[in-house]
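> Just so you know, we're using this note's numbering here: the sequence shown kicks off at 11 and counts up by one.
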Amino acid sequence: MSQAASPPIPHRPLGTSALSPQQHHLQAAEHLNKAAAQHQEAARHQASGDGVAAALKAKAAAQHTATAAEHARQAMKQ
């Protein structure tokens with residue numbers, strides 16, 4: 011990407027409403043980017059025959075995706 015990465019939004023527990031809806035959306039985007047990176051790493055591990063490492067990366071990607079979904083839900087609540 012030619013765009014400079016924005017600084018990360020300070021992370022707070024999802025149970026609190028300290029983040030604005032915009033901040034929740036930005037957090038969701040950050041987690042989706044992290045998930046995409048984990049999926050790319052999983053693909054590389056799978057291609058090299060390391061199924062165990064690929065599974066671990068896929069699990070990390072799923073966790074980031076779930077966190078992104080929770081941020082999106084929090085943004086919609088506000």
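Backbone N, C-alpha and C define an ideal beta-carbon position, used for all residues, glycine too.
Note that the structure is a prediction, hence the values are computed from the model and not measured.
For Q13, name the three-state secondary structure that DSSP assigns.
As a first step, residue 13 must be located in the sequence shown, where it is residue number 3. Reliability of the predicted coordinates at Q13 is poor, the pLDDT of 45 falling under 50, and no value is obtained from them.
> Give the DSSP-derived three-state secondary structure of G61 in the structure shown.
Within the sequence shown, the letter at position 51 stands for residue 61. G61 falls in the helix class under three-state DSSP.
> Spatial neighbours of H81 within its chain, please: C-beta separation below 6 Å, excluding the five flanking residues on both sides.
Your numbering for residue 81 matches position 71 in the sequence shown. Counting only Cβ-Cβ distances below 6 Å, and skipping sequence neighbours, we find H34, Q37 and A38.
> For A71, which three-state DSSP category applies?
Here residue 71 corresponds to residue number 61 of the sequence shown, with the count starting at 1. A71: helix per DSSP, three-state reduction.
> Would you call A46 buried or exposed, if buried means 16 or more other Cβ atoms sit within 10 Å of its Cβ?
Within the sequence shown, numbered from 1, the residue matching residue 46 stands at position 36. Its Cβ having fewer than 16 others within 10 Å, A46 is exposed.
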